[in-house]
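Undergrad:
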Amino acid sequence: MTPSAKREILAVLVTDYGVPVRRACQAVRLSRAAYYRPPRSRLLQDTDVVTVLNDVVAWHTR
1 MTPSAKREIL
11 AVLVTDYGVP
21 VRRACQAVRL
31 SRAAYYRPPR
41 SRLLQDTDVV
51 TVLNDVVAWH
61 TR
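1 is the number of the first residue of the sequence shown in our numbering; add one for each residue after it.
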């Protein structure tokens, strides 16, 4: 199960069923730090790499 799916399940447990965050995290096996940390977009993480690769592709055209 992906961390984003675990976060969705945690949100349901906490908001709809009133389960404490600590218990919900234990049930789904996700750390509380991962629950509270905002998810990062992979596009934002890889922007530097994508920029460099685009420069290389532009430099080596056919």
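All C-beta atoms in this analysis are idealised placements derived from N, C-alpha and C, irrespective of residue type, glycine included. All figures in this text were calculated on a predicted structure; none of them were measured in a lab.
Using the three-state DSSP reduction, which class does S4 fall into: helix, strand or coil?
TA: helix
Undergrad: Tell me which same chain residues have a C-beta within less than 7 Å of the C-beta of V6, skipping the five on either side of it?
TA: The sequence given here places Lys at residue 6; Val does not occur at that position. Cβ within range, chain order: V28 and L30.
Undergrad: Less than 9 Å separating the beta-carbons of P39 and S4?
TA: Closer than 9 Å, so yes.
Undergrad: Reducing DSSP to helix, strand and coil, say where R40 ends up.
TA: coil
Undergrad: Using the Cα positions of S22 and V14, report the straight-line distance between them to the nearest angstrom.
TA: Looking at the sequence shown, residue 22 is not Ser but Arg. Rounded to the nearest angstrom, the two C-alpha atoms are 10 Å apart.
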